[in-house]
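This report concerns only the one structure given below.
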Amino acid sequence: MSKQTKAGAAPFRTERPTRFRRLLLELKASRKDYMMLAPFFAIFFTFTVLPVLMSMLLSLTDFNMLAFPNWVGLNNYARLFINDEVFLIAVKNTILLATITGPISYLACFVLAWLINEVSPKIRAFVTLVFYAPSLSGNAFIVWKLLFANDSYGFINAFLLRNRIIMEPILWLSDINYILPILIIVQLWLSLGTSFLAFIAGLQGMDKTLFEAGAIDGIRNRWQELWYITLPSMRPQLMFGAVIQITASFAIAEVSTQIAGFPSVQYAGHTIVTHLDDYGGIRYEMGYASAIATVLFALMLGSNLLVQRLLKKVGE
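Mapped onto our numbering, the consecutive letters of the sequence shown carry residue numbers 71 to 386.
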């Protein structure tokens, strides 16, 4: 009898919580942590996420800051890519500047940090200050303007004339063939900043026992040590540096304005951000300026996701 009851009884089933219920249980268990994060999240949402969303919404209107916005749909984007030739020049210049200055400055920051990490602390501190100084010198553009001045008083023109290399001054900042290369040189000089310090901090914080374990596992030279130990251990710093370099390379504007003027000759130094300043800060066509900002945001986001995928393969 007892065997029949036991055999005929329904099997005991545990009810599995749904995904939403698991989320609620997790929120309840970690409510103190989320309460501590709430002030930062509120500030981040108010001053970062909300402006981005509002800009995307305004990009679909013709808002001019005086009248109520009118819904125009995708007309601003159609105008950008079909009717605005200056914007296409700005996109070409920005992508060219970003693809050259971004990777070069990123690699230069890491290589310099890796080399400097091997010297004594006093020399390392001095060299770090030397390389970080350009990012602190906000008015250093006047030095470059003196170097590349168009007349014979410019340092480079004076040197070339004195040595009879040229017979008349070169219009460095007015000739469209020289403007973009000069902007690339100045931007590379300015880019040794925050990423460089992040790489130095990452190298200094590495666990030295990893290198001993790597030597036991068969790592035989510095390049293998760099690829299999140093780079994987520095993924957070590498990601931080990549974000900084992507943002800086796509947001080039002040260098162009200070060196080549605004607008530059035949828009040779025009970038997306200077185009954004033109329509947002001078013409007050905020809907159109928001469309420009949305395109720039999409470019930065796409580049960031691409770099994330590449960094995941480091050390494999």
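Yeah, the Cβ is synthetic: ideal placement off N, Cα and C, and Gly gets one too. Small disclaimer: the values here were computed from a predicted structure and weren't measured.
Inter-stretch contact (C-beta, 8 Å, three-pair minimum) for the segment 158-166 and the segment 340-354: yes
Expected contact under 8 Å - CB spacing of Y349 and I362 to nearest Å: 6 Å
Beta-ladder partner(s) of T131, from DSSP: W141
Extent of the continuous alpha helix (DSSP H) run through E238: Taken as a continuous stretch (DSSP letters only), E238 belongs to no alpha helix (DSSP H), as it is neither H nor E.
Chain D contact for L217 (CB, 8 Å cutoff): The chain labelled as chain D is not found in the depicted structure, where only one protein chain is given.
H345: first and last residue of the uninterrupted alpha helix (DSSP H) it sits in: I342 to D347
Three-way DSSP call (helix, strand, coil) for I270 in this model: helix
Among Q328, M105 and Y223, the one whose alpha carbon lies nearest that of I249: Q328
Proximity winner among L267, L280 and G172, relative to A195 (alpha-carbon distances): L267
Limits of the alpha helix (DSSP H) - the one that N163 falls within: E155 to I186
Pair within 8 Å by beta-carbon distance, Y104 and L93: no
Within 8 Å, strictly: CB atoms of V142 and G357: yes
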